[in-house]
Amino acid sequence: MTDRHAVGATATHGQLAEVWGDVVSRRQLGKAMAIGAVLSVAIYLAALAILAPLAATPAIGKALAMLGGILGSVASGAICARIFPPKRIVSEAAQTGTEWQREVLDQLEQEGPIGRVAELPPAVVQEMREVGLYDLFKTYEDRHSAKKEVE
Numbered sequence: 049m050t051d052r053h054a055v056g057a058t059a060t061h062g063q064l065a066e067v068w069g070d071v072v073s074r075r076q077l078g079k080a081m082a083i084g085a086v087l088s089v090a091i092y093l094a095a096l097a098i099l100a101p102l103a104a105t106p107a108i109g110k111a112l113a114m115l116g117g118i119l120g121s122v123a124s125g126a127i128c129a130r131i132f133p134p135k136r137i138v139s140e141a142a143q144t145g146t147e148w149q150r151e152v153l154d155q156l157e158q159e160g161p162i163g164r165v166a167e168l169p170p171a172v173v174q175e176m177r178e179v180g181l182y183d184l185f186k187t188y189e190d191r192h193s194a195k196k197e198v199e
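Numbering (our numbering), first residue to last: 49 to 199.
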């Protein structure tokens, strides 16, 4: 997200915060929390009043009411997801070239050997060819083997 987008997002949606790796509006987060609390407690109390007297034991009645409260929380999550749209700006840009792919393979190699293409089952090789990854891995493997022979 560029600074221009961050300023526009802040002006449009109020102060933003990061929660669990996602960007949220603090004002809308507060509203969502209030909706969740009210809905889950309301459904819990309604279930306690309606289902508890019908249950075989009071413990089962309370357990069913708690289940109703949990369902209210799930319902409030769905409602808030509809009311408050995401704040992130997603942009897809295809990177040309394979340099970034080689960098990813180098990072994988640092964690341990990534294996050899010749050791893969034929079905996996076919899938890799279909998505255009076979040549990338084969070229990387050849280049890596040549490097090791030089050393």
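Idealized CB from N, CA, C, for every residue including glycine.
Through-space distance from residue j to residue i, alpha-carbon basis
i, j, result
"Val-165", "Lys-186", "6 Å"
"Tyr-92", "Glu-140", "43 Å"
"Ser-73", "Val-86", "20 Å"
"Leu-112", "Leu-99", "7 Å"
"Met-176", "Asp-154", "19 Å"
"His-192", "Gly-160", "13 Å"
"Glu-66", "Leu-102", "44 Å"
"Phe-132", "Ala-123", "14 Å"
"Tyr-182", "Ala-171", "12 Å"
"Gly-125", "Gly-84", "7 Å"
"Glu-147", "Ala-80", "43 Å"
Simplified DSSP state of residue i, which is helix, strand or coil
i, result
"Ala-111", "helix"
"Ala-103", "coil"
"Gly-180", "coil"
Residue range of the unbroken beta strand (DSSP E) whose run includes residue i
i, result
"Glu-167", "Element bounds for Glu-167: n/a, residue is neither H nor E."
One or two residues paired with residue i in a DSSP bridge
i, result
"Val-72", "Ala-65"
Secondary structure, alpha helix (DSSP H): runs of 4+ residues fully inside the region 131–163: Taking 4 residues as the shortest admissible run, the region 131–163 contains the following complete alpha helix (DSSP H) segments, listed from N- to C-terminal end: 147–159.
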